[in-house]
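To start, the structure under review is shown below, and the notes come after it.
In the working numbering, the protein residues as written are 17 to 381.
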């Protein structure tokens with residue numbers, strides 16, 4: 017028996033609209049969530065399948081790549097995306113077809129660098145492989161490498177005039193009025209010289225800001241003492257402001273460099289993860305970190321290790337926060353211990369804010 021397609025998992029036809037896919041996903045998510053059903057093992061595996069299907073079919077580029085891998089439906093006029101058969105416009109060898117299929121799978125599996133390599137190998141063997149050019153265009157467009165995307169979409173349309181989807185994407189990119197003056201990555205996924213310069217400037221500024229704590233420690237905030245807050249009564253606005261600003265900058269750099277995933281995926285929802293009750297452990301970390309960061313971080317680590325779903329992105333963010341706190345404590349001359357113990361309350365919040373800003377700058381509008 018052949019494996020079920022993502023459409024079968026969601027119980028939808030291939031012609032389903034994005035709204036229908038979203039509606040059906042919500043229905044199934046409520047029904048099969050591990051916290052709802054008694055049999056957690058079975059419901060968890062079903063829930064993971066549902067999420068994997070939704071994440072692919074809700075993304076237009078991934079859905080197109082996935083549709084191209086499926087056998088054609090025995091219904092007249094079934095292909096709704098003309099480009100899905102673009103590889104058949106001109107006869108391609110089995111080797112080229114295999115490379116394109118592997119590239120599609122890599123793209124769906126969030127392995128864009130691997131997909132680029134496979135597409136380039138396919139194009140090396142057959143320059144007129146329109147499907148390989150279309151996949152490259154999708155990858156470059158997702159990376160905001162618009163000039164490269166325009167070039168690949170142009171080839172795709174030239175070699176497959178019936179590829180109306182690539183034509184529409186090409187026209188959309190050509191209609192942009194703002195010139196593309198900055199690229200963060202090369203087509204191979206490496207940082208451009210502009211990005212390297214921005215990183216040197218950004219990380220250098222991050223270290224310099226922390227050094228300012230030693231040069232300008234500032235005066236203690238008087239109302240901390242008035243409200244009987246002995247643990248932070250020696251803190252100054254200079255200390256708080258510099259730690260918070262530095263954390264925003266570090267969070268932005270982590271995010272825009274792709275070192276961490278989108279914060280929504282980490283804190284609010286992630287495919288296949290478990291939670292405490294119905295609230296993700298990462299969200300609990302975010303909620304309680306302004307009260308006591310290290311306690312919330314310890315709770316998160318214990319819970320997620322026990323559940324086997326620790327997020328590498330959060331571990332990186334927590335490590336960066338600890339580094340900022342440690343350097344700040346060493347630089348602040350008035351009360352190093354309180355900064356070391358409670359500085360994370362300020363730093364992690366600022367880091368998450370910068371994380372969100374970086375994700376906005378990095379994401380495709």
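Glycine included, C-beta positions come from ideal geometry on N, C-alpha and C.
Quantities reported herein were computed from a predicted structural model and do not represent experimental measurements.
Worksheet item: For residue 75, which of 186, 108, 307, 34 has the nearest alpha-carbon?
Response: In terms of CA proximity to residue 75, 34 leads the group 186, 108, 307, 34.
Worksheet item: Per DSSP, what kind of secondary structure is residue 76 in: helix, strand or coil?
Response: In the structure shown, residue 76 sits in a helix (DSSP, three-state: H, G or I).
Worksheet item: CA-CA distance, residue 166 and residue 186?
Response: For residue 166 and residue 186, the distance between alpha carbons rounds to 6 Å.
Discussion item. Using a Cβ distance threshold of 8 Å, determine whether the region 347–356 contacts the region 319–329, with at least three qualifying pairs required.
Written reply: Contact fails: fewer than three Cβ-Cβ distances are below 8 Å.
Worksheet item: Mapping DSSP to helix, strand and coil, what is residue 252?
Response: In this structure, residue 252 counts as strand in the three-state DSSP scheme.
Practice prompt. Could you tell me the boundaries of the alpha helix (DSSP H) in which residue 237 lies?
Written response: Run containing residue 237: none; DSSP gives neither H nor E here.
Discussion item. On a Cα-Cα basis, can you pick out the residue from 334, 218, 230 that is closest to residue 343?
Written reply: Per the C-alpha coordinates, the member of 334, 218, 230 positioned closest to residue 343 is 230.
Worksheet item: Is it buried or exposed for residue 361, if we count other Cβ within 10 angstroms and need 16 for buried?
Response: It is buried - the Cβ of residue 361 has at least 16 other Cβ atoms within 10 Å.
Item to complete: Apply the 10 Å Cβ neighbour rule to residue 78 and answer buried if 16 or more other Cβ atoms are within range, or exposed otherwise.
Response: By the 10 Å Cβ count, residue 78 comes out buried.
Practice prompt. Excluding the 5 residues preceding and the 5 following residue 128 in the sequence, name in chain order all residues of the same chain whose CB lies nearer than 6 Å to its CB.
Written response: The answer, listed in chain order, is 155.
Worksheet item: Within this structure, are the beta carbons of residue 63 and residue 48 separated by less than 9 Å?
Response: Contact: yes.
Worksheet item: Would the region 252–270 and the region 215–234 be scored as touching if the rule is three or more Cβ pairs under 8 Å?
Response: Cβ pair count under 8 Å is three or more, so yes.
Fill in: Cβ neighbours of residue 112 in the same chain (closer than 6 Å, five flanking residues each side left out)
Excluding sequence neighbours, residue 112 sits near 138, 141, 142, 145.
Discussion item. Counting C-beta neighbours from all protein chains within 10 Å, is the total for residue 324 16 or more, i.e. buried, or is it exposed?
Written reply: By the C-beta density criterion, residue 324 is exposed, having fewer than 16 other C-beta atoms within 10 angstroms.
Fill in: 6 Å Cβ shell around residue 301 - same chain, five flanking residues per side excluded
Correct list, in chain order: 312, 316.
Fill in: Which listed residue (67, 297, 355, 183) has its alpha carbon closest to that of residue 337
Considering only 67, 297, 355, 183, the residue with the shortest C-alpha distance to residue 337 is 355.
Worksheet item: Using DSSP with H/G/I as helix, E/B as strand and the rest coil, what is residue 161?
Response: Residue 161: coil per DSSP, three-state reduction.
Item to complete: Would you check if the distance between the CB atom of residue 82 and the CB atom of residue 38 is smaller than 9 Å?
Response: Not in contact: residue 82 and residue 38 (Cβ atoms no closer than 9 Å).
Item to complete: Could you give the DSSP three-state label for residue 30: helix, strand or coil?
Response: DSSP, reduced to helix, strand and coil, places residue 30 outside both helices and strands of the structure shown, so it counts as coil.
Fill in: Secondary structure of residue 320, DSSP reduced to three states
The answer is helix: DSSP assigns residue 320 an H, G or I state.
Discussion item. For the alpha helix (DSSP H) containing residue 132, name the first residue and the last one.
Written reply: Run containing residue 132: 128–141, per the alpha helix (DSSP H) assignment.
Practice prompt. For residue 271, I'd like the list of residues in its chain whose CB is within less than 6 Å of its CB, leaving aside the five on either flank, ordered along the chain.
Written response: Excluding residues within five positions, the ones whose Cβ falls inside 6 Å are 371, 374, 375.
Worksheet item: Which of the three DSSP states, helix, strand or coil, is assigned to residue 278?
Response: Looking at residue 278 - three-state DSSP - the assignment turns out to be coil, as it is neither helix nor strand.
Worksheet item: Taking just the CA atoms, how far does residue 29 sit from residue 98?
Response: Only weak support exists for where residue 98 lies, its pLDDT of 42 falling under 50; the coordinates are left without a value.
Worksheet item: Excluding five sequence neighbours on each side, which residues of the same chain lie with their C-beta closer than 6 Å to the C-beta of residue 341?
Response: Excluding residues within five positions, the ones whose Cβ falls inside 6 Å are 359, 360, 363.
Worksheet entry | Nearest neighbour of residue 174, chosen from 191, 159, 147 [CA to CA] | It is 147.
Fill in: DSSP-derived helix/strand/coil call for residue 362
Of the three classes helix, strand and coil, the one that applies to residue 362 here is helix, per DSSP.
Fill in: Through-space distance from residue 333 to residue 279, alpha-carbon basis
When the Cα atoms are used, residue 279 and residue 333 turn out to be separated by approximately 11 Å.
Worksheet item: Just curious, the alpha helix (DSSP H) that residue 329 is in, first and last residue?
Response: It spans 328–347 - the alpha helix (DSSP H) in which residue 329 sits, taken as one unbroken run.
Discussion item. Less than 9 Å between the beta carbons of residue 151 and residue 131, yes or no?
Written reply: The Cβ-Cβ distance between residue 151 and residue 131 falls below 9 Å.
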